[in-house]
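Q: Before I ask anything, here is the structure I am working with.
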Amino acid sequence: MRIIYIDIDTLRADHLGCYGYHRDTSPAIDAIAREGIRLERCYASDTPCLPSRTALTAGRFGIRTGVINHGGVAADPFIEGPDRQFRAQLNEESWVMCLRRAGLKTATVSTFGERHSSLHWYAGYNDVINIGLGGMESAHEVMPEALSWLGRHAARDDWFLHLHLWDPHTPYRAPAAYGEPFAGVAPPTWLTEEVRAAHWAGFGPHGAQEVCGFAPDPEAERRWPRQPQQIRDARDVRRLFDGYDTGIRYADDHVAQLVAALRAAGIYDDTAIIISADHGETLGELGIYADHQTADEFTHRVPMIVRWPGVTDSHAGAALNGLRYQFDVAATVIELVGGKVPSNWDGLGFAAALRAGHDSGREHLILSQGAWTCQRSIRWDRWLCIRTYHDGYHGFPDLMLFDVVTDPHEQHDLAARHPDIVAQALARLDTWHGEMMRQSGHGVDPMWTVLREGGPYHTRGQLPQYLERLQATGRSAGAQRLAAGPLRALSSAFSG
Numbered sequence: 009m010r011i012i013y014i015d016i017d018t019l020r021a022d023h024l025g026c027y028g029y030h031r032d033t034s035p036a037i038d039a040i041a042r043e044g045i046r047l048e049r050c051y052a053s054d055t056p057c058l059p060s061r062t063a064l065t066a067g068r069f070g071i072r073t074g075v076i077n078h079g080g081v082a083a084d085p086f087i088e089g090p091d092r093q094f095r096a097q098l099n100e101e102s103w104v105m106c107l108r109r110a111g112l113k114t115a116t117v118s119t120f121g122e123r124h125s126s127l128h129w130y131a132g133y134n135d136v137i138n139i140g141l142g143g144m145e146s147a148h149e150v151m152p153e154a155l156s157w158l159g160r161h162a163a164r165d166d167w168f169l170h171l172h173l174w175d176p177h178t179p180y181r182a183p184a185a186y187g188e189p190f191a192g193v194a195p196p197t198w199l200t201e202e203v204r205a206a207h208w209a210g211f212g213p214h215g216a217q218e219v220c221g222f223a224p225d226p227e228a229e230r231r232w233p234r235q236p237q238q239i240r241d242a243r244d245v246r247r248l249f250d251g252y253d254t255g256i257r258y259a260d261d262h263v264a265q266l267v268a269a270l271r272a273a274g275i276y277d278d279t280a281i282i283i284s285a286d287h288g289e290t291l292g293e294l295g296i297y298a299d300h301q302t303a304d305e306f307t308h309r310v311p312m313i314v315r316w317p318g319v320t321d322s323h324a325g326a327a328l329n330g331l332r333y334q335f336d337v338a339a340t341v342i343e344l345v346g347g348k349v350p351s352n353w354d355g356l357g358f359a360a361a362l363r364a365g366h367d368s369g370r371e372h373l374i375l376s377q378g379a380w381t382c383q384r385s386i387r388w389d390r391w392l393c394i395r396t397y398h399d400g401y402h403g404f405p406d407l408m409l410f411d412v413v414t415d416p417h418e419q420h421d422l423a424a425r426h427p428d429i430v431a432q433a434l435a436r437l438d439t440w441h442g443e444m445m446r447q448s449g450h451g452v453d454p455m456w457t458v459l460r461e462g463g464p465y466h467t468r469g470q471l472p473q474y475l476e477r478l479q480a481t482g483r484s485a486g487a488q489r490l491a492a493g494p495l496r497a498l499s500s501a502f503s504g
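Just so you know, we're using our numbering here: the sequence shown kicks off at 9 and counts up by one.
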């Protein structure tokens, strides 16, 4: 079996046509979706980038791998200790090693492992192709390498190719010559002037006044003109959505090149294609712009399109609505190639449901974020309940509850109105946490490690200077709130 996994960084499901988006961002991806099955509610268990791909390749939650952050102790897998064998457990039980054991040659075209110093990502790959730009490359630089590998191996059966495209990730970098494909199409309408103005008065990294961090960077805006540094008015709102959507369309054009190459080689009809992402993106939700900082719907929900000849043919174009983790799909791929899912995985295969075109999924999901905030959330039915341990200087309350069906952009916190639903969520979180700690073998929750170290990697050491910026930009109330907030006391509580 030939398998291509197209991994488009920072890709929101709801900004693809096949998931209902009104802009024509993804004609090539949509065509693949019409020939396969689309998972409507698939989520990365841990975000952002490094925790997500670690969970995917390990088939386990970050609380068990040890990786939930982008720096500090919790950016590396747990050390196995004296029971570590000649080959490490992750090397032997990674997703890709399972595919190799099933007889597939494996390759990745990605700079991810180098960008995040996550060399464990490469466990199981025969071929690693890294063009060396650390995630700043565009699809026109990546695709030639993928097509070259494909040209050398197209005639061979039984291979797995992971292809990583970065274009929707900030900074928005589609070439100027690509033009403005969405100039005549309105952006999403939920981000009104009233909403923008409220965000402008707010605070937090990647907010309306600091889209790319803790302060705007005029030099970066000159270098990447599609990337707004502030959301000052409706024109910037459009620039935000146009920049992001153009990145998707640019990646999609190169997916079309890949499809054309498969057809030219005569193997398109015999090649499984999976399209997904490491995480999504908030584009104004929770007051955060162009980043992936929270355990919320738009950071954790990922597209998942599976076109698998002989498996999805009879249900082409269908959507499965069951709640699933991304590593459940990894387990399913192992099943479909005749491999064995490791017994210590949290991922649950559902190959039979995929063949049947119906998946009831999981009862609920637990989602974790540890690089910009420290949060865990519970996603079930119509509800998303977020438990915050460190708010990343956004001023989030400890508990938030959203009805993501009637309030898809998380604008109305219902926690105070529905304490009974919050209690249900917290009971599920407590049960999950107990199960994970019993299975961890380390007796350490990496979330507490992050808190003990002073909080998420991307916020460390930023508060003093950010308080000065808030004062200087007329947001003294926000500065006072952060300066008097519980985060310093919380960090101290975990320092002993």
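Quick reminder that beta carbons are idealized off the backbone N, C-alpha and C, glycines included.
1) Go ahead and label M455 buried or exposed: buried means 16 or more other beta carbons lie within 10 angstroms of its beta carbon, across all protein chains shown.
2) In or out: V413 buried (at least 16 other Cβ within 10 Å) or exposed?
3) Less than 8 angstroms between C-beta atoms, sequence neighbours within five positions excluded: which residues of the same chain meet that for D421?
4) By the DSSP assignment, the alpha helix (DSSP H) with A480 in it spans what residues?
5) By Cβ distance below 7 angstroms, which residues in the same chain neighbour E201 in space, the five residues on each side in sequence not counted?
6) Along the chain, which unbroken stretches of the alpha helix (DSSP H) at least 4 residues long are found entirely within the segment 83-149?
7) Using three-state DSSP, classify Q334 as helix, strand or coil.
8) By Cβ distance, which residues of its chain are closer than 6 angstroms to H214, with the 5 residues on each side in sequence left out?
9) Would you give the residue range spanned by the alpha helix (DSSP H) that Q432 belongs to?
10) Please classify M511 as buried or exposed, where buried requires at least 16 other C-beta atoms within 10 Å of its C-beta.
11) With 16 other CB atoms within 10 Å as the buried threshold, where does H30 fall?
12) Excluding the five sequence neighbours on either side, which residues of its own chain have a C-beta within less than 6 angstroms of the C-beta of C106, listed in chain order?
13) If you measure from the beta carbon of D411 to each beta carbon in chain C, is any gap under 8 angstroms?
14) Using only the alpha-carbon positions, how far apart do S126 and A379 sit?
15) Using DSSP's beta-bridge definition, name the partner residues of L64.
16) Where do the N-terminal and C-terminal ends of the beta strand (DSSP E) with F190 fall, by residue?
17) Go to L24, then tell me how far its beta strand (DSSP E) extends in each direction, as first and last residue.
18) Distance check for A339 and A391, CA to CA, integer angstroms please.
19) Just grab the DSSP bridge partners of I394 for me.
20) So, R109 versus A280, is the Cβ gap smaller than 8 angstroms?
21) At a threshold of 7 angstroms, does H128 count as lining the ligand HEM (C-beta to nearest heavy atom)?
22) Since W157 contacts R61 with CB under 8 angstroms, what's their CB separation in whole angstroms?
23) Can you check whether the CB of S118 is closer than 8 angstroms to the CB of H170?
24) May I have a chain-ordered list of the alpha helix (DSSP H) segments no shorter than 4 residues that lie completely inside the segment 216-281?
25) Quick check: the Cα distance between H23 and R49, rounded to an integer number of angstroms?
26) According to the Cβ coordinates, are R271 and I239 closer than 8 angstroms?
27) So what does DSSP say about H30, is it helix, strand or coil?
28) Count the other CB atoms within 10 Å of the CB of G504; is the residue buried (16 or more) or exposed (fewer)?
29) Pairing CB atoms from the segment 350-369 with CB atoms from the segment 178-189, are three or more of them under 8 angstroms?
30) Between T33 and R246, which are expected to be in contact by the criterion C-beta below 8 angstroms, what is the C-beta distance as a whole number of angstroms?
31) Along the chain, where does the alpha helix (DSSP H) that runs through R42 open and close?
32) Can you check the segment 147-210 for any beta strand (DSSP E) of at least 3 residues that lies completely inside it and give the ranges in chain order?
33) What residues in its chain sit with their C-beta under 6 angstroms from that of I282, if we drop five residues either side in the sequence?
34) Can you list, in chain order, the residues of its chain whose CB lies under 8 angstroms from that of E371, leaving out five sequence neighbours each side?
35) Assign G484 to one of three DSSP states: helix, strand, or coil.
36) Just to confirm my understanding: we take P311, look at its own chain, exclude 5 residues before and 5 after, and list those with CB closer than 7 angstroms. What are they?
A: Working from what's here:
1) So M455 ends up on the buried side.
2) Under the 10 Å beta carbon count, V413 is surrounded by fewer than 16 other beta carbons and is classified as exposed.
3) Counting only Cβ-Cβ distances below 8 angstroms, and skipping sequence neighbours, we find P405, M408, L409 and F410.
4) Element bounds for A480: L471 to A480.
5) Within its own chain, the residues whose Cβ lies closer than 7 angstroms to the Cβ of E201, once the five positions on either side in sequence are excluded, are A242, listed in chain order.
6) Runs of the alpha helix (DSSP H) inside the segment 83-149: 97-101, 103-109 and 120-123.
7) The answer is helix: DSSP assigns Q334 an H, G or I state.
8) So the list reads I296, Y297 and D299, once near-sequence residues are dropped.
9) Taken as a continuous stretch (DSSP letters only), the alpha helix (DSSP H) holding Q432 covers P427 to S448.
10) Any question about residue 511 goes unanswered here, given that the chain covers just 9 to 504.
11) Burial call: exposed.
12) Contacts found: I342 and G347.
13) Among the protein chains of the structure shown there is no chain C, as only one such chain exists.
14) Across the structure, S126 and A379 are spaced so that their CA atoms are roughly 15 angstroms apart.
15) None, per the DSSP bridge assignment.
16) From DSSP, F190 is part of no beta strand (DSSP E); its letter is neither H nor E.
17) Taken as a continuous stretch (DSSP letters only), L24 belongs to no beta strand (DSSP E), as it is neither H nor E.
18) Here residue 391 turns out to be Trp, not Ala, going by the sequence shown. Whole-angstrom Cα-Cα distance: 26 angstroms.
19) DSSP output for I394 lists S385 and M408 as bridge partner(s).
20) In this structure, A280 does not lie closer than 8 angstroms to R109 by Cβ.
21) This structure lacks the ligand HEM; in fact it carries no ligand of any kind.
22) Contact between W157 and R61 fails: their C-beta atoms lie close to 20 angstroms from each other, not under 8 angstroms.
23) Yes, the pair counts as a contact, with Cβ atoms nearer than the cut-off.
24) Scanning the segment 216-281 from its first residue to its last, the whole alpha helix (DSSP H) runs of 4-plus residues come out as 226-231 and 242-272.
25) Their Cα atoms are separated by approximately 14 angstroms.
26) Not closer than 8 angstroms, so no.
27) H30: coil per DSSP, three-state reduction.
28) Only weak support is given to the placement of G504: the predicted model assigns it a pLDDT of 36, under 50, and the value that follows is read from those uncertain coordinates. Looking at its Cβ environment, which holds fewer than 16 other Cβ atoms inside 10 Å, G504 is exposed.
29) These segments do not touch.
30) In this structure T33 is not in contact with R246, their Cβ atoms being roughly 15 angstroms apart against a cut-off of 8 angstroms.
31) Looking at the DSSP string, the run of the alpha helix (DSSP H) that includes R42 is P35 to R42.
32) Those beta strand (DSSP E) runs which fall completely within the segment 147-210 and span 3+ residues are 167-173.
33) Excluding residues within five positions, the ones whose Cβ falls inside 6 angstroms are Y13 and V314.
34) Setting aside the 5 residues that flank it on each side, E371 is surrounded in the same chain by L331 and W388, each with a C-beta closer than 8 angstroms to its C-beta; the list follows chain order.
35) At residue 484 the sequence reads Ser, which differs from the Gly that was named. In this structure, S484 counts as helix in the three-state DSSP scheme.
36) Non-local beta-carbon contacts of P311 in its own chain, meaning distances under 7 angstroms to residues more than five positions away in sequence, involve L19, A21, L24, Y27, I283, S284 and A285 in chain order.
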